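Working notes, structure below.
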Amino acid sequence: MRLIFILFLLTAPLASPVFGEPPDRQCNTGRWGAIWCIRNDFIAYDTCLAIRNAAALHKLDTGFFARLIWQESRFDPYALSPAGAEGVAQFMPGTAKLRGLGASYNPAEALDHSAHYLAELIGRFGNAGLAAVAYNGGERRAAEFIAETGGLAQETENYVRIITGQSAQDWRDTPPEILDMSLNKDKPFLPACLALARTSRVSKLKSLRPVPTLPPWGVQLASGSTKAKAASSFERNSHACDAEIGKQKPAYIRKKPQVAGRKAYYVARLGAVSRGAAQQLCNRLRKFNCACTVYKN
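Letter by letter, the sequence shown follows residues -20 to -1, 1 to 277 of mature numbering (1 follows the signal peptide of the UniProt record, and there is no 0).
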């Protein structure tokens, strides 16, 4: 809890409500308990801050995570590889879907998912070097390499050495007990990262439309057969608790009917980062006679 609180303090000046956030920034959903945003006008600084926060949240070495993301995309939020890997963390679409990442080109969200995935890989394979093997070459190939039933592509060999300064074989056979992977041994992380990030070029994707991201939980106050009707219903139902809702904007989510033959409909939900937070919000709204229900988005 203390870590989450510290992360909140670090990112508070940047954070905005996930719903209705300004178009000049992209925020993560806070799926793992902390929210941060990356502003278009401060993309270098905010990317470095997000890398540091994500590394701390998921218990990664900050230098390792920054080096890996730099190697993947040069911190370009709209990077697209010839193989089809997308965004700052270079998730393949299939992997992104499997990991629950719905917006690979949202750098704040992609960094959160990337750090969480790397933490899982370290837990499975034992160290950062072998996690890098799996991140680049795939988990099956990493498992075969560790079992010595298969080899690695030269690209993966180079990838691991560039990021960690050690070979994949070293990480498998004689992993270092202590390894300094800081970006610059003479500078703290943020200045060193910022110097690196300022050399990055951001790709332009003219056809790309921002993909809205939803928090994991929602407090539903209204529904309707159309988005307009759901919005009208929300205005009526939330009038008594406007003061408690404040500036938070609802998300209007299209839902498929559970009964065959019926039409899709829309629900109006206020976002929350956890079930507990959603329930607490709903309880507060009920004190003002606003009917609400908690749902997982």
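The C-beta atom is built at its ideal place from N, Cα and C for all residues, glycine as well. Keep in mind the model is a prediction, meaning the values are calculated, not measured.
Would you call the CB atoms of Gly64 and Val253 closer than 8 angstroms?
As a position in the sequence shown, residue 64 is number 84, starting the count at 1. As a position in the sequence shown, residue 253 is number 273, starting the count at 1. In this structure, Val253 does not lie closer than 8 angstroms to Gly64 by Cβ.
Supposed contact pair Asn269 and Ala220 - C-beta distance, whole angstroms, cut 8 angstroms:
Numbered from its first residue, the sequence shown carries residue 220 at position 240. Numbered from its first residue, the sequence shown carries residue 269 at position 289. Contact holds; Cβ gap of about 5 angstroms.
Taking the alpha-carbon positions, what's the Ala176 to Gly106 distance?
By one-based count along the sequence shown, residue 176 stands at place 196. By one-based count along the sequence shown, residue 106 stands at place 126. The identity of residue 176 in the sequence shown is Leu, whereas the question assumes Ala. Using only the alpha carbons, I get a separation of about 29 angstroms.
Suppose the cutoff is 7 angstroms on Cβ atoms and the five residues either side in sequence are ignored; what does the same chain contact list for Ala122 look like?
Residue mapping note: residue 122 aligns to position 142 of the sequence shown, counting from 1. Within the same chain, Ala122 has close Cβ partners Phe105, Leu110, Val113 and Ala114.
Measure the C-alpha to C-alpha separation of Gly226 and His93 and round it to an integer number of angstroms.
The count along the sequence shown starts at 1 and reaches residue 226 at position 246. The count along the sequence shown starts at 1 and reaches residue 93 at position 113. Rounded to whole angstroms, Gly226 to His93 spans 30 angstroms at the Cα level.
Considering only DSSP beta bridges, list what Leu60 is partnered with.
The residue labelled residue 60 in the question sits at position 80 within the sequence shown. Partner(s): Glu66.
Close-in-space but distant-in-sequence residues of the same chain around Trp197 (CB under 8 angstroms, 5 per side omitted)
Counting from 1 along the sequence shown, the entry for residue 197 is found at position 217. Cβ neighbours of Trp197 beyond the five flanking positions: Gly251, Ala252, Val253, Ser254, Arg255, Ala257, Ala258, Val274, Tyr275, Lys276 and Asn277.
Using alpha carbons as the reference points, say which of Tyr25, Gly74, Gln51 and Leu91 lies closest to Ala34.
Within the sequence shown, residue 34 is the residue found at index 54, counting from 1. Minimum Cα distance to Ala34 is reached at Leu91.
Give a yes or no on contact between the region 134 to 152 and the region 13 to 25, applying the rule of three or more CB pairs nearer than 8 angstroms.
no
Straight-line Cα distance separating Ile143 from Asp41
Indexing the sequence shown from 1 puts residue 41 at position 61. Indexing the sequence shown from 1 puts residue 143 at position 163. Going from the Cα of Asp41 to the Cα of Ile143 covers about 12 angstroms.
According to DSSP, what are the bridge partners of Cys17?
Taking the first residue of the sequence shown as position 1, residue 17 is located at position 37. In the DSSP output, where bridge partners are listed per residue, Cys17 has Cys7.
Is Val182 helix, strand or coil by DSSP?
Here residue 182 refers to the residue found at position 202 when the sequence shown is read from its first residue. Val182: coil per DSSP, three-state reduction.
State the DSSP-derived secondary structure class of Ala83, mapped to helix, strand or coil.
Start at 1 with the first residue of the sequence shown, and residue 83 comes out as number 103. In the structure shown, Ala83 sits in coil (DSSP, three-state: anything other than H, G, I, E or B).
Which residue from Ala24, Glu128 and Gly43 puts its Cα closest to that of Lys167?
Against the sequence shown, residue 167 aligns to sequence position 187. Of the candidates Ala24, Glu128 and Gly43, the one whose C-alpha sits nearest the C-alpha of Lys167 is Gly43.
Can you find the residues in the same chain that come closer than 7 angstroms, C-beta to C-beta, to Phe55, ignoring five residues on each side of it along the sequence?
Residue 55 sits at position 75 when you count from the first residue of the sequence shown. The residues are Thr27, Ile49, Val68, Ala177 and Ser180.
Unbroken alpha helix (DSSP H) runs of length 4 or more, entirely within the region 140 to 174: which are they?
148 to 153
First and last residue of the beta strand (DSSP E) that includes Thr273?
The residue labelled residue 273 in the question sits at position 293 within the sequence shown. Its beta strand (DSSP E) spans residues Thr273 to Lys276.
Am I right that Leu163 and Ala59 are in contact with their C-beta atoms under 8 angstroms? What's the rounded C-beta distance?
Taking the first residue of the sequence shown as 1, we reach residue 163 at position 183. Taking the first residue of the sequence shown as 1, we reach residue 59 at position 79. The Cβ separation is near 19 angstroms, so there is no contact.
Can you tell me whether Leu250 is helix, strand or coil according to DSSP?
To locate residue 250, count along the sequence shown from 1; it is residue 270. In this structure, Leu250 counts as strand in the three-state DSSP scheme.
Classify Trp12 as helix, strand or coil using the three-state DSSP reduction.
Along the sequence shown, read from residue 1 onward, the residue named residue 12 stands at position 32. In the structure shown, Trp12 sits in coil (DSSP, three-state: anything other than H, G, I, E or B).
Lys235 lies in the alpha helix (DSSP H); which residues open and close that run?
Within the sequence shown, the letter at position 255 stands for residue 235. Careful: Lys235 lies outside any alpha helix (DSSP H), inside the beta strand (DSSP E) at Ala231 to Lys235.
For Leu201, report the span of its beta strand (DSSP E) as first-last.
Locating residue 201 in the sequence shown gives position 221, counting from the first residue. Taken as a continuous stretch (DSSP letters only), the beta strand (DSSP E) holding Leu201 covers Trp197 to Gly204.
Which class does Asp55 belong to by DSSP, given the choice of helix, strand or coil?
Position 75 of the sequence shown, counting from 1, holds the residue named residue 55. Checking the sequence shown, residue 55 turns out to be Phe, not Asp. Coil at Phe55, not helix or strand.
Unbroken alpha helix (DSSP H) run spanning Glu215, endpoints:
Here residue 215 is taken as the residue at index 235 of the sequence shown, counted from 1. Counting along the chain, the alpha helix (DSSP H) containing Glu215 begins and ends at Lys207 to Ser218.
Beta-carbon contacts of Gln260 that lie in its chain and below 6 angstroms, excluding the five residues immediately before and after:
The residue given as residue 260 occupies position 280 in the sequence shown. Correct list: empty, nothing qualifies.
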